[in-house]
Every structure is written in structure tokens, then in C-alpha cells.
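To start, the structure under review is shown below, and the notes come after it.
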Amino acid sequence: SRTVTEDEYVSGAQLIAEALKTQNIEYMFGIVGIPVTEIAIAVQAIGIKYVGMRNEQAACYAASAVGYLTGRPGVCLVVSGPGLIHALGGMANANMNCWPLIVIGGSSDRNQEIMGAFQEFPQVEACRLYSKFSARPSSLEAIPSVIEKAVRCSIYGRPGACYVDMPGDFVNLQVNKSTVQFTKCCLPPPISTAEHSAVSKAASIFAHSRQPLLIIGKGAAYSRAENNIRKLVDQCGLPFLPTPMGKGVVPDNHPNCVAAARSMALQHADVIILFGARLNWILHFGLPPRFRPDVKFIQVDICAEELGNNVRPAAILLGDISAVTEQLLEQLVLMEWKYPSYSEWWKMLREKMKSNEETSKALALQKSLPMNYYTVFHHVRELLPRDCILVSEGANTMDIGRSMLPNYLPRHRIDAGTFGTMGVGLGFAIASALVAKDRTPEQRVICIEGDSAFGFSGMEVETICRYNLPVIIIVVNNNGIYHGLDANTWKEMLKSGEPAACAPPICLLPNSHYEQIMTAFGGKGYFVKTPEEIQNALKESLAEKQMPSLINVMIDPQSDRRQQDFHWLTRSNM
Ligand code: ADP
Ligand code: MG
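Going by full-length UniProt numbering, the first residue of the sequence shown is number 3, and it counts up by one from there.
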């Protein structure tokens, strides 16, 4: 027997780092502590970027945004028990959004299990509800293959969250390298196409439609189907409607975008093709009265279990969106089919778009102070760089911002998503800025937050400053959740008793100076009340290429959305 030299031994932490590197993981977010600190150190030493955050929830949101933006999962590293539990919000959000994510959780030492160990919790079981895959390697030797499986599982089929549990005693334990089952990087996700008969059927349904509509979801954005979908829209002259994160797959200013007539388009379309958009609450379940009872849905999705949810589709195209779009395109070109641009349907849509745009414009141009949402977004829009990544959350801020702020490029808008999660903004912004720094250094990240939404992860401003990320945060401040009170009414109200007894639950402290959270850590802060002040602050912030800034925009605490045709629209994400 030969003697084993020292460098043939590796620790659990090093094995994790090497395995992640082998799987082409680029970014890890987390909060260190017992027992995971060594993992973060090993990961950084091997050339994976590590960002220490202030709350595991935000760390997990950040890691999940990396997955959506790059197609390769980000990793969230957390300590045992409460650390992992804080991350569950991020796992749930990623899994609901169908975004790839890896969470690695430290857990208590194996020899103390079920004894009441420090931060002991049944973590593998707990994560099962929030993930596609949740496991603990049975030995140090198995670490590379479990990490490979987690990464593969996160990006194959419908993307989602995966959890790997790491007992504390594994982290510093050493094994002889020769006993480890090293694995190679998993193959890229296979690209599947739809059945030929289903493609022909879908094409023929299209060719017979009178009022067709194409709906572009975030699945189309994730799968990088922009070129083929753009071709389909252009070649066939089809009206299209993006979902919130489907925005930008085809530019919002494309003449066939009917977002400004959304309700009408949904309500009257006779054939709708869904590219990576589920018929969940965001699309009103595909049911009347928001849709025609006889509407024919053609569903394109990578997940077979999704097909037929809530409605019986007229055709189902199981496969990768980009590949299926190409199949459809071939078929429609063969049939020489093009939707006529002077149809009654186009006329209806164009008229509705025009009248909706005029109402928003009238609100945007109101001169009264305090400003309303429309005025704020109108003035922000004029200065936004075309290629900026827009992060957005907050009820009204996100809803109104979505219609007022254009996207020209795919995967350039991230928001509260399928799960309607508030608190995602700063984590998303940090991830986007980090990815931009490495890939497109000139690109800016602009994070438009409601004041309530900002509060969920406000301390991540310190993270933004620590890592020199030139994020611009705009807090649209209406002193509350949905609405708030102005300072005088708030003072009057306090005369009637303790705030806990009489302050309306929707209220936050009026005129809060959120910009001082930014100045506290060395960034720039602006407190603005007029369109001119917004524009000056935003111009200065954009000119500053290195430093983050926060623009706190005071608006009318009673400002609201313009009148909607459907009153329950106000409760929806769209
Ligand atoms: P939105 O919120 O924009 O309506 P959803 O999250 O509801 O979008 O839907 C996205 C859908 O895209 C999911 O059903 C998911 O399975 C699907 N999807 C993800 N990646 C692909 C892909 N490469 N090809 C086809 N469908 C995909
Ligand atoms: Mg608010």
C-alpha cells in the first residue's frame, strides 16, 4: 500500500465548491454562520462569486433571479433551522415562477439528530413542498453526484428549485479524493419538439380564426424564444399580448402589441395561443367572463401536466417553446397564411388602445401636486435607458408601472411574479446588477418599488453599497399599503388614541425619508416631490456610473389606478 499525501484529502466544503464549479455555477448568495462559513470561503476560493446578504429571503430571491436571467441556477447558501426557514420564501417564489435555483442548507451534525441539536429541523422534508428535488448526500463521496442531480433537475423539464442538505459534520470532514464519485457537468437540457399532428392541427385552427391572439409568457422569455416568436408575429401579422414578465420578448413598441387593449383582446379573441403562460389567476383561469366561452386555446408548454389546466385546449403542443414556434412557423409559411391587417378585429383593438392610451396620458400630464402614479412613471419613462433591467414590485407601483414603462428586450423585467411575492425587489436588483457587471457592464438596473414593498428588504441597501452595485432604487411613496394618510390626517388620527388602536392597518409613517437608508451607507439619496425634481434626480443617478442611489418620490397618498372596465382588475397582477 502506498502512503497517502496530504493534498489527496478534501473537505466537504471543498467538494461542494468543486462540484458547483464543475456544474458551471457562477454566483452564490447567502448568509454565513455555523456550519456553512467554510463553504462560502471554499466557493469564493474556487472562483464562484459570493454575495453576503442581510436576510436569507432576499439572498434566495437573488439566487433565483440569476437562474431566470442566465438559464443557469444561482445558489443560495443558508445556515440550519431558521436560516433555511427564511429561505423558504425564496424557494417557493422560484418554484412557482418555474425558475431554476439551488439552495444549500447547513444542518445539524448527524450524531446529534433528533436529540434537540442546535437549530435542528427536518430540512429535507420541509423543502419538499417548495422544490422539485430535496435530498441530503449520504456521504462526502456522494456530494458531487447529488449536486449534479440538483443542478440538472433545476433546469431540465419545467425549471424549479432544488435543495441540498449539508450536515454540519460533513463540512470540515476530510476524505481521500480517490474514493469520491466525481461527475462531469450535466448535459444542456434536451430540446423537444411537438408531435407533427398537433402542429398541423394548431396551424389549421389558426388559419380558421377570425380574432386570433398570441399570449407571450415568461416561459417564452426563459426559454429564449424571442427570435422565433418575433418571426411568427411578423410573418403572420398576429396581435400579441405579453404577460408581465413576457414583456420584451417582442418589444412593447411593436405595432402588433395590444397590451393597451388587454381586457378587450382577452375577452373577444376566438383563438389564443399560449407561449409559456399558464391559465392561472394572471390570465383569469382562461374562463368567462374574461374570455369567450367558445375560445379555442392552443397551449405550448414544456410541462405535460400543465396542458389542460382549467380549460380543455383545442390543441396541445408539448415541447420547447422556441422549437415549437419554429415548427408552427414552417407549417404556416407552407400554408401561406397571414392574418389580414385590415380586419374588423384589428380595428377594434386599435380603437381601444387609442382610447386607453389617451386616458393614461391625461392622468400623466396632470400638473397638480402631490403627483399621481401616472405622472411619476411618465417622467421616469422619458429617461429610462432602452436596455435597462426594470425590477418592480408593490401593488399599484407594479401594476401601473407595467403599463407605463416599456420593455424592448427579453428578460429585462422582473417583478412579484406568479406568487405575487412582495419583498423580491432588492434581491432581484442585486442579482441583476451582478450579472450585468459581468456581461454588459454599461447596463443599468432600475428598481421601482412601492414604499411598503421596499420595507420588506430595505436593509439590502447595505449589500448594494458594499458590493458597489450602481442600482437606482425609486421608491414611489404613498405612505402606505395600497393607500396611506397625509401627515396632517395622520396627526389628527393620533389624537383619538394609540396608533395600534386606531391607525388604519394600511398606513405607514407619512413622509418617511427612505433615501436616508441609502445615504447611511454612502450612496446618494433624493427626496423629491415634483416632476422636475424626479427628472433631475434620475439624470444625476444615471450619470453616476459607480454609485447606487435611492430616489424617494412622494406622491398623493390617495392616488389610484385609472377607472377599469373590470373592477376586479385592481386585485390582479395585470
Ligand atoms: P406567466 O406568469 O408569464 O404567465 P407562467 O409562469 O405562468 O408565465 O408560465 C410559464 C410556463 O412556461 C410554465 O408553464 C413552464 O412550464 C413553461 N416553460 C418554461 N420553460 C419552457 C420551455 N423551454 N419551453 C416550453 N415551456 C416552458
Ligand atoms: Mg405604498
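No residue lacks a Cβ here, since even glycine has one placed at the ideal position from N, Cα and C. None of the values given here were measured: they were computed from a predicted structure.
Three-state secondary structure assigned by DSSP to Phe421: As a working note, residue 421 is residue 419 in the sequence shown. Looking at Phe421 - three-state DSSP - the assignment turns out to be coil, as it is neither helix nor strand.
Do you know offhand how far Asp562's Cα is from Lys363's? Here the question's residue 562 lines up with position 560 in the sequence shown. Here the question's residue 363 lines up with position 361 in the sequence shown. About 15 Å.
Please go through the same chain and pick out, in chain order, the residues whose beta-carbon is closer than 6 Å to the beta-carbon of Phe123, but skip the five residues on each side of it. For this step, residue 123 is matched to residue 121 along the sequence shown. Answer for Phe123: Gly83, listed in chain order.
Can you list every residue whose CB sits closer than 5 Å to some heavy atom of ligand 2, going in chain order? Every residue passing the under-5 Å Cβ criterion appears here: Gly452, Asp453, Ser454, Asn480.
Does the region 70-81 touch the region 133-140, meaning 3 or more C-beta pairs lie closer than 8 Å? No: the two stretches stay apart, fewer than three of their Cβ pairs being nearer than 8 Å.
Checking the sheet assignment: what are the DSSP bridge partners for Ile275? Position 273 of the sequence shown, counting from 1, holds the residue named residue 275. As DSSP reads the structure, Ile275 sits in a beta bridge with Leu216, Ile300.
Can you tell me whether DSSP reads Gly10 as helix, strand or coil? Along the sequence shown, one-based indexing puts residue 10 at 8. With the sequence shown as reference, residue 10 is identified as Glu, and Gly is not the correct amino acid for it. In the structure shown, Glu10 sits in a helix (DSSP, three-state: H, G or I).
Report yes if the C-beta of Glu308 is less than 8 Å from at least one heavy atom of ligand 1; otherwise report no. Here residue 308 refers to the residue found at position 306 of the sequence shown. Flag set: Cβ of Glu308 near ligand 1.
Residue environment, Ser199, which counts as buried when at least 16 other CB atoms sit within 10 Å: Sequence index remark: in the sequence shown, residue 199 carries index 197 (1-based). It is exposed - the Cβ of Ser199 has fewer than 16 other Cβ atoms within 10 Å.
Pull the bridge partners of Arg415 from the DSSP assignment, please. Indexing the sequence shown from 1 puts residue 415 at position 413. Answer is Leu392, bridged to Arg415.
Measuring only the C-alpha atoms, how far is Ser434 from Pro192? The sequence position of residue 434 within the sequence shown is 432, counting from 1. The sequence position of residue 192 within the sequence shown is 190, counting from 1. Their Cα atoms are separated by approximately 26 Å.
Which stretch, first to last residue, makes up the alpha helix (DSSP H) that contains Asp440? The count along the sequence shown starts at 1 and reaches residue 440 at position 438. Here the alpha helix (DSSP H) through Asp440 covers 427-441.
Note down, one range per segment and in chain order, each alpha helix (DSSP H) of at least 4 residues found wholly within the region 54-92. Runs found: 58-72.
Tell me, please, which residues DSSP counts as bridged to Gly452. In the sequence shown, counting from the first residue as 1, residue 452 sits at position 450. DSSP lists Val478 as the bridge partner or partners of Gly452.
In whole angstroms, give me the CA-to-CA distance for Phe456 and Arg154. By one-based count along the sequence shown, residue 456 stands at place 454. By one-based count along the sequence shown, residue 154 stands at place 152. For the pair Phe456 and Arg154, the Cα-to-Cα distance works out to about 34 Å.
Excluding the 5 residues flanking Lys220 on each side, which residues of the same chain have their C-beta closer than 6 Å to its C-beta? Within the sequence shown, the letter at position 218 stands for residue 220. Cβ neighbours of Lys220 beyond the five flanking positions: Met247, Gly248.
State buried or exposed for Ala19, treating a residue as buried only when at least 16 other CB atoms are found within 10 Å of its CB. Translated into positions along the sequence shown, residue 19 becomes position 17. When all chains shown are included, Ala19 counts as buried.
For a test of your reading of the model: does the CB of Lys220 fall under 8 Å from any non-hydrogen atom of ligand 1? Yes or no. One-based indexing of the sequence shown puts residue 220 at position 218. Within the cutoff, so yes.
Taking Asp236 as part of the alpha helix (DSSP H), name the residues at either end of that continuous run. Within the sequence shown, numbered from 1, the residue matching residue 236 stands at position 234. DSSP places Asp236 inside the alpha helix (DSSP H), whose first and last residues are 228-238.
Does any heavy atom of ligand 1 sit closer than 8 Å to the C-beta of Arg264? Position 262 of the sequence shown, counted from the start, is the residue given in the question as residue 264. It does not: the Cβ of Arg264 is nowhere closer than 8 Å to a heavy atom of ligand 1.
Please look up how many angstroms separate the CB atoms of Val235 and His256, rounded, as I've assumed it's under 8 Å. Position 233 of the sequence shown, counted from the start, is the residue given in the question as residue 235. Position 254 of the sequence shown, counted from the start, is the residue given in the question as residue 256. Between His256 and Val235 the Cβ distance is about 7 Å, and since that is below 8 Å, they are a contact.
At what residues does the alpha helix (DSSP H) containing Leu103 begin and finish? As a working note, residue 103 is residue 101 in the sequence shown. From DSSP, Leu103 is part of no alpha helix (DSSP H) but of the beta strand (DSSP E) over 103-109.
Counted within 10 angstroms of its Cβ, other Cβ atoms place Lys493 as buried (16 or more) or exposed: Taking the sequence shown and counting its residues from 1, the one referred to as residue 493 is at position 491. Answer is exposed; the Cβ neighbour count stays below 16.
So, using beta-carbon positions, are Pro550 and Ile476 closer together than 9 Å? Taking the sequence shown and counting its residues from 1, one reaches residue 550 at position 548. Taking the sequence shown and counting its residues from 1, one reaches residue 476 at position 474. With respect to Ile476, Pro550 sits apart: the two C-beta atoms are not nearer than 9 Å.
Does ligand 3 have even one heavy atom less than 8 Å from the beta-carbon of Ser225? Ligands in the displayed structure: ligand 1 and ligand 2; ligand 3 is not one of them.
How about Ser147: is its Cβ closer than 8 Å to a heavy atom in ligand 1? Here residue 147 refers to the residue found at position 145 when the sequence shown is read from its first residue. At a cut-off of 8 Å, the beta-carbon of Ser147 does not count as near ligand 1: no heavy atom of the ligand is closer than that.
Which residues in the same chain as Trp570 place their Cβ atom closer than 8 Å to its Cβ, once the five residues preceding and following it in sequence are excluded? Walking along the sequence shown from the start, residue 570 turns up at place 568. Residue confidence is low: Trp570 scores 37 on pLDDT, short of 50, so the model does not pin down where it sits. Its coordinate-derived value is still stated next. Short of 8 Å from the beta carbon of Trp570, and not among the five residues preceding or following it, lies no beta carbon of its own chain.
Indicate the three-state DSSP secondary structure (helix, strand or coil) for Ser498 in the structure shown. In the sequence shown, residue 498 corresponds to position 496, counting from 1. Of the three classes helix, strand and coil, the one that applies to Ser498 here is coil, per DSSP.
Terminal residues of the alpha helix (DSSP H) in which Pro533 lies: Within the sequence shown, residue 533 is the residue found at index 531, counting from 1. Looking at the DSSP string, the run of the alpha helix (DSSP H) that includes Pro533 is 533-545.
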